[in-house]
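**Student:**
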């Protein structure tokens with residue numbers, strides 16, 4: 067029985083190689099922060115019918131569309147030369163076509179991020195970031211930028227726009243508030259109290275599960291520029307199967323991300339954890355965030371995979387997750403021409419820092435999974451420096467100029483560069499920067 071008509075490959079042809087690189091949201095934010103720091107004006111291109119541009123390698127046959135059959139050969143099938151929307155491998159040939167064009171044009175692919183491309187002409191640089199059929203690009207030379215846009219328009223059918231200066235989703239926020247009849251919520255600095263805990267309460271009135279899931283999905287998309295709501299959204303998302311009236315999220319619709327120009331591009335991370343915060347399975351929640359200069363470019367609020375036996379273990383796991391992200395960012399930023407020494411990682415637990423710095427505490431750490439001890443390895447290698455938030459944060463204003471000049475001398479200098487932030491911890495969620 068035919069359930070659904072689909073375009074399929076000829077029997078015996080392997081079409082499992084369908085993966086196409088897609089830029090991570092953190093990579094796009096890194097580009098935005100870097101461009102803002104250097105004063106680059108970014109533009110965005112949208113490739114119209116992008117997947118129709120990719121040449122496929124496999125033999126793909128499709129039936130003739132109804133009412134469009136050939137009068138001479140009504141029973142024959144078409145052999146495709148280019149990909150069609152709906153083919154599982156369509157994104158892959160499109161990426162291959164675009165990559166070949168960029169490399170032929172003279173670009174160099176990023177060593178870590180395969181959706182990032184660089185073009186150098188003299189002392190000028192052009193940066194291109196690919197996100198499926200959308201292309202973000204900018205550079206230090208107006209000629210390089212305009213010439214690239216012209217070349218792309220000749221090769222593909224494009225629509226061009228200049229990116230807004232502020233990265234926010236205010237209109238999207240207003241739309242989802244209207245969609246779910248939430249009216250005009252009272253502005254709040256944080257959508258959920260720091261000591262709020264949720265569990266399944268069967269006595270409360272049940273709500274429309276479909277509507278609740280729609281709200282959660284819409285809010286998950288909003289977290290791309292709203293780190294302040296991520297903890298609350300993902301906490302509520304754990305109860306999609308049995309939502310109750312107590313689960314609500316209110317937020318300030320006009321908040322967003324702002325990446326300032328002239329920011330000193332230091333790299334640092336923060337980690338925190340809520341031990342046994344989930345009242346159902348008693349798992350902890352890791353909260354991490356990473357800064358490039360004063361620009362927040364990456365954050366995470368995620369329940370840990372296993373139950374932690376101590377606060378130290380929960381904090382240690384969160385710090386290991388932050389360390390992993392910092393190492394990826396460090397490798398990615400090397401393609402931008404930025405290099406870092408020991409990256410400061412601020413951990414809200416002196417015990418977790420001691421575990422990472424002292425390999426002798428076997429009796430207290432034998433229950434911690436071996437895979438998290440790579441945090442200790444990278445501390446010993448000198449890739450990161452583990453610091454408690456209460457240590458080394460206060461810097462006199464007159465020292466700032468000197469610290470900017472001595473940023474390569476150690477993590478203390480990097481920590482003191484920006485006077486415009488201070489650290490506050492939020493149990494079970496993100497480290498909040500105010």
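Residue numbers (this note's numbering): 67 to 500. The beta-carbon is built from N, C-alpha and C at its ideal position, and this holds for glycine as well.
To the nearest angstrom, how far is it from the Cα of residue 447 to the Cα of residue 409?
**Tutor:** Answer to the nearest angstrom: the Cα atoms are 12 angstroms apart.
**Student:** Under a three-way DSSP split, which group does residue 462 fall into?
**Tutor:** Bear in mind that the predicted position of residue 462 carries a pLDDT of just 37, short of 50, making it unreliable; the figure below should be weighed with that in mind. Of the three classes helix, strand and coil, the one that applies to residue 462 here is coil, per DSSP.
**Student:** According to DSSP, simplified to helix, strand and coil, what is residue 283?
**Tutor:** helix
**Student:** Taking residue 228 as part of the beta strand (DSSP E), name the residues at either end of that continuous run.
**Tutor:** 224-228
**Student:** Give me the Cβ distance between residue 341 and residue 389, rounded to the nearest whole Å; I'm assuming they're in contact under 8 angstroms.
**Tutor:** Residue 341 to residue 389, Cβ: 19 angstroms. No contact.
**Student:** In the DSSP assignment, the alpha helix (DSSP H) including residue 159 goes from what residue to what residue?
**Tutor:** 157-171
**Student:** Less than 9 angstroms between the beta carbons of residue 335 and residue 288, yes or no?
**Tutor:** no
**Student:** What is the rounded straight-line gap between the Cα of residue 479 and the Cα of residue 149?
**Tutor:** Summary for residue 479: the model assigns pLDDT 30, below 50, so the residue's position carries little reliability, and this model does not support an answer.
**Student:** Could you tell me the distance, in whole angstroms, from the CA atom of residue 159 to the CA atom of residue 242?
**Tutor:** Residue 159 and residue 242 have their C-alpha atoms roughly 35 angstroms apart.
**Student:** Return helix, strand or coil for residue 110, following the three-state DSSP convention.
**Tutor:** strand
**Student:** DSSP beta-bridge partners for residue 409?
**Tutor:** 450
**Student:** Please say whether residue 178 and residue 185 have beta carbons closer to each other than 9 angstroms?
**Tutor:** no
**Student:** Assuming residue 171 and residue 217 form a contact by the criterion Cβ under 8 angstroms, report the distance between their Cβ atoms to the nearest whole angstrom.
**Tutor:** 7 angstroms
**Student:** Is the Cβ-Cβ distance between residue 358 and residue 399 less than 9 angstroms?
**Tutor:** yes
**Student:** Per DSSP, what kind of secondary structure is residue 394 in: helix, strand or coil?
**Tutor:** Three-state result, residue 394: helix.
**Student:** Where does residue 200 sit, in a helix, a strand or coil, going by DSSP?
**Tutor:** Reduced to three states, the DSSP call for residue 200 is strand.
**Student:** Counting pairs of beta carbons, one from the stretch 343-358 and one from the stretch 367-387, are three or more of them closer than 8 angstroms?
**Tutor:** Short answer: they touch.
**Student:** Decide if residue 364 is buried, meaning its Cβ has at least 16 other Cβ atoms within 10 Å, or exposed.
**Tutor:** buried
**Student:** Please state the DSSP three-state secondary structure of residue 96.
**Tutor:** helix
**Student:** How many angstroms separate the CA atom of residue 236 from the CA atom of residue 94?
**Tutor:** Residue 236 and residue 94 have their C-alpha atoms roughly 19 angstroms apart.
**Student:** Any contact between the stretch 85-105 and the stretch 319-326? By contact I mean 3 or more CB pairs, one from each, below 8 angstroms.
**Tutor:** yes
**Student:** What does a CB cutoff of less than 7 angstroms around residue 214 pick up in its chain, not counting 5 residues either side in sequence?
**Tutor:** 192, 203
**Student:** Report the three-state DSSP secondary structure of residue 339 (helix, strand or coil).
**Tutor:** strand
**Student:** Based on DSSP bridge pairs, tell me the residues matched to residue 354.
**Tutor:** According to DSSP, residue 354 bridges with 337, 366.
**Student:** How is residue 181 classed by DSSP in three states: helix, strand or coil?
**Tutor:** coil
**Student:** Quick one, which of 414, 145, 346, 92 has its alpha-carbon nearest residue 197's?
**Tutor:** Nearest Cα to residue 197 within the set 414, 145, 346, 92: 92.
**Student:** Can the beta-carbon of residue 415 be found closer than 9 angstroms to that of residue 454?
**Tutor:** yes
**Student:** Considering residue 128, what are the terminal residues of the beta strand (DSSP E) in which it resides?
**Tutor:** 126-128
**Student:** Just the Cα atoms here: how many angstroms apart are residue 157 and residue 144?
**Tutor:** 21 angstroms
**Student:** Can you tell me where the alpha helix (DSSP H) with residue 300 in it begins and where it stops?
**Tutor:** 296-303
**Student:** So who's on the other strand from residue 404, going by DSSP bridges?
**Tutor:** Its beta-bridge partners do not exist; DSSP assigns none.
**Student:** Cα separation between residue 83 and residue 189?
**Tutor:** 39 angstroms
**Student:** Measure the C-alpha to C-alpha separation of residue 182 and residue 176 and round it to an integer number of angstroms.
**Tutor:** 5 angstroms
**Student:** Let me make sure I understand the geometry here. Which of 138, 452, 245 has the alpha-carbon closest to that of residue 285?
**Tutor:** 245
**Student:** My output table needs one value for residue 347: the three-state DSSP class, helix, strand or coil.
**Tutor:** DSSP, reduced to helix, strand and coil, places residue 347 outside both helices and strands of the structure shown, so it counts as coil.
**Student:** Put residue 248 into one of helix, strand or coil per three-state DSSP.
**Tutor:** coil
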